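With the working numbering applied, the sequence shown corresponds to residues 21 to 206, in that order.
Working notes, beginning with the structure itself.
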Amino acid sequence: FREKFDWFPKMIFFTATPYQVKQYRRRIAKKDEEILFFEDKDGSLQGPELIHSSEDEHFHESRTYLVSKMSGMEEKFSKQSQDQQETITTRLKEQNTQISNLHRSAETSHSDLMELKNDADGLKSQMSRLLTDNSDIKEGMLETRGEVVGLKGEMSELRAGLLEMRQDMRDIQDALAVLLRLQKPE
21 FREKFDWFPK
31 MIFFTATPYQ
41 VKQYRRRIAK
51 KDEEILFFED
61 KDGSLQGPEL
71 IHSSEDEHFH
81 ESRTYLVSKM
91 SGMEEKFSKQ
101 SQDQQETITT
111 RLKEQNTQIS
121 NLHRSAETSH
131 SDLMELKNDA
141 DGLKSQMSRL
151 LTDNSDIKEG
161 MLETRGEVVG
171 LKGEMSELRA
181 GLLEMRQDMR
191 DIQDALAVLL
201 RLQKPE
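And the structure:
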């Protein structure tokens, strides 16, 4: 049926009332008394019926009606298709925006990570400088300890010298006392 009457919109019968189906049975035909089979609302084949060429006017009227119905459905499907395309386009734009935002976030995270790495490198260099300074301070403290030990030795030597000088002063005082006694007349 669809091969013979390819212009016939089968889907009309899915929404047609029984009265409309009877009208289509009477009106739809081809010329020269052809036998017509068509699909009823429930999808079953109906016919055959003899359609006379004297009903050309009805045929033309029915065909015009069906073409207008088909045009209406084409417009409806075109509108639905256009709406679907707009919906898909909108969703694609939203997804592209989300992807761009994620890309920007990834770039920001990467730059933050690079800054953290640079900060860590700076801290490492500061730590190495502090360690170097600590070793220098330790060396200076060891040198100072050596100098203090040397000073302690010198102080001990000075004390010993002072003690010797005191002893010498006592010896001198004793000698002077002896001399003074010797010089006094008896």
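Heads up, the beta-carbon is just placed ideally off N, CA and C, and yes, glycines get one too.
Quick caveat, the model's predicted, so the values are computed rather than measured.
Pick helix, strand or coil for A204, following the three-state DSSP scheme. Sequence index remark: in the sequence shown, residue 204 carries index 184 (1-based). For clarity, residue 204 is Lys in the given sequence; the question names Ala instead. Note: K204 maps to coil in three-state DSSP.
Cβ neighbours of S148 in the same chain (closer than 8 Å, five flanking residues each side left out): Translated into the one-based positions of the sequence shown, residue 148 becomes position 128. A distance below 8 Å between beta-carbons, with the five flanking residues on each side excluded, links S148 to no residue of its chain.
For Q146, I'd like the list of residues in its chain whose CB is within less than 7 Å of its CB, leaving aside the five on either flank, ordered along the chain. To locate residue 146, count along the sequence shown from 1; it is residue 126. Within its own chain, no residue has a Cβ closer than 7 Å to the Cβ of Q146 once the five positions on either side in sequence are excluded.
What is the rounded straight-line gap between the Cα of V198 and the Cα of R179? By 1-based counting over the sequence shown, the position of residue 198 is 178. By 1-based counting over the sequence shown, the position of residue 179 is 159. Using only the alpha carbons, I get a separation of about 29 Å.
What is the rounded straight-line gap between the Cα of G160 and the Cα of K144? Against the sequence shown, residue 160 aligns to sequence position 140. Against the sequence shown, residue 144 aligns to sequence position 124. One Cα belongs to G160, the other to K144, and the distance between them is close to 24 Å.
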